[in-house]
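To convert, note that position 211 of the sequence shown is 317 in my numbering; the numbers rise steadily by one, no gaps.
Step one of this worksheet: look at the structure below.
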Amino acid sequence: MEIVLSGIRSTGHLHLGNYYGALRNYIKMQDNYDCFFFIADLHSLTTHPHPDDFHSGVRTILAEYLASGLDPDKSAIFVQSDVPEISELYVLLNMISYKGELERTTSFKDKVRQNPDNVNAGLLTYPVLMAADILIHRANLVPVGKDQEQHLEFARVLARRFNSFYNCEVFPEPKAFNFGDDLVKVPGLDGSGKMGKSEGNGVYLCDEESTIRKKVMKAVTDAGPTEPNSPMPEAVANLFTLLGIVSTQDTVDHFKESYNNCTIRYGDLKKQLAEDICKQTLPIKAKIEQIYNDEEFLKRVVKRGTERARESAVATLREVRKAVGFRSFLGFDDK
Ligand code: ADP
Ligand code: TRP
């Protein structure tokens, strides 16, 4: 069975971008693949969360994963920092990762622009840690949104480079995965760019119905088309993209037609969009709080998941250490 791995950083609540870009695919893949899903708490440290908030951040993602349908009977669900083998592999992969290629990564350049006062080494080597997450389980498929494409390409480069550098075949080349043809990019409601936790433009799985309606009704549009079949400005195209993700084809066709013949009322489109978002998210929201508060259940889930994840990670790391040339005097590398 092919191995699947993916994760989300513990930096806030999950939004529609996380859900449609990543999580929904995790849920669909659980029956047909050997699945590992984790919470990337080490990655979240690049922005220096306060220690008092750190654990609740992890617990939030865990509860939202489970409320959305991740099933501990099918998938190994774990927290990144509970698997120390990832960090060891990260150190080893750092030795074959080069400053120039890391500096050219788009997400790094964006972060430098956004936070010039916090350009830490963890940010620069973020894609190396992500590659370690993937390669430690020798994953074949990685369900992610469009924004992660370049990181996945780098994980493939590192897998190839390690195998050729150490003349071995330890790592398969992981592929970014989506059930459709292309990776998904869920836009924000503020006119441009993607929906994101740090962009402040998210519709969250835990949002109340009234909050969702308010956010959608406030979405940026324009004065409306004045000529038939006009090109759509980005903000309007984004609303149609969202509609395409959450609504039926009939609904999308209906509003496209009314856009093209200039009879569209954005208020109606937004009302429909809010309703269709609520249909998807409210059943998830209803489960989050109870799961979040069930400490015993969460412990059981993570204990099982971590056992499976570590078993797989230890086996890979043994191969890796052998390939690199470690022969521990203390017998650490013996079978
Ligand atoms: P965020 O970008 O909100 O901080 P993460 O970086 O932790 O969240 O992303 C976790 C997963 O969600 C990744 O697979 C990422 O590709 C996906 N994702 C995040 N935002 C979007 C979006 N707007 N559209 C599609 N996928 C997204
Ligand atoms: N970098 C991803 C993001 O920001 C999160 C992540 C960390 C990840 N490690 C991963 C995703 C491994 C897939 C596989 O969205």
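By construction, the Cβ of each residue, glycine as well, lies at the ideal position given by its N, Cα and C atoms.
The residue among S298, P334 and L388 with its C-alpha nearest the C-alpha of F346 is S298. For a cut-off of 8 Å, the C-beta gap from E170 to C274 is around 38 Å, too long to register as a contact. In the structure shown, the three-state DSSP call for K376 is helix. Taking a contact to require three or more Cβ pairs closer than 8 Å, the region 345-363 and the region 267-287 do not qualify as touching. Of the heavy atoms belonging to the ligand TRP, at least one sits nearer than 7 Å to the Cβ of I240. With respect to the 8 Å criterion, F142 and L120 are not classified as neighbours on the basis of their beta carbons. One thing to note: V248 has its Cβ within 8 Å of the Cβ of L258. The closest CA to that of K281, considering only L122, V358 and V250, is found on V250. The region 157-174 and the region 189-204 do not touch, with fewer than 3 CB-CB distances between them shorter than 8 Å.
G127 is a Cβ neighbour of V292, given a cutoff of 8 Å. In terms of CA proximity to D253, G123 leads the group G431, G123, R416 and P339. In chain order, Q186, S187, I192, S193 and L235 place their CB closer than 8 Å to the CB of L148, counting only its own chain and leaving out the 5 sequence neighbours on each side. Short of 7 Å from the beta carbon of M135, and not among the five residues preceding or following it, lie these beta carbons of its own chain, in chain order: V110, C141 and P249. E333 and T387 have their C-alpha atoms some 36 Å from each other. Taking T317 as reference, the option from T369, Q256, K391 and G302 with the minimal CA-CA separation is K391. Scanning the region 165-249 for uninterrupted beta strand (DSSP E) segments of 3 residues or longer gives 181-185 and 247-249, listed from N- to C-terminal end. Counting along the chain, the unbroken beta strand (DSSP E) around G113 starts and ends at I109 to R115. Within the chosen limit of 7 Å, the ligand TRP reaches the beta carbon of R115 through at least one heavy atom.
Under the DSSP assignment, K409 falls in the alpha helix (DSSP H) whose first and last residues are E401 to V430.
Assignment of H121 by DSSP, reduced to helix, strand and coil, places it in the strand class.
Excluding five sequence positions before and after V309, the CB atoms of its chain that fall closer than 8 Å to its own CB belong to H121, L122, L295, M301, I318, K321, V322, I383 and T387, given in chain order. With contacts defined by Cβ atoms closer than 8 Å, L198 and P233 do not form a contacting pair.
Here K409 is exposed: its Cβ has fewer than 16 other Cβ atoms, across all protein chains shown, within 10 Å.
In the three-state DSSP reduction, I370 falls in the coil class, being neither helix nor strand.
Residues L264, R267, F268 and F271 of the same chain have their beta carbon placed closer than 8 Å to that of I202, with the five preceding and five following residues left out of the count.
In terms of Cα proximity to R262, the closest of V276, A237, I242 and L195 is A237.
Annotated three-state conformation of D439 is coil, per DSSP.
Taking every protein chain shown into account, the CB of D239 has 16 or more other CB atoms within 10 angstroms, so this residue is buried. With a beta-carbon spacing of about 6 Å, I370 and G330 fall inside the 8 Å limit used to define contacts. Sorting V430, E314 and F214 by C-alpha distance to the C-alpha of T152 places F214 at the top. Beta bridge pairing from DSSP links C141 with V110 and S181. In the DSSP assignment, A261 falls within the alpha helix (DSSP H) that extends over E255 to F271. Around the beta-carbon of G206, fewer than 16 other beta-carbon atoms lie within 10 Å, marking it exposed.
For A282, the enclosing beta strand (DSSP E) starts and ends at K281 to F283. For V352, the CB stays at least 7 Å from every heavy atom of the ligand ADP. Taking a 10 Å sphere around the C-beta of H154, we find fewer than 16 other C-beta atoms and assign the residue as exposed.
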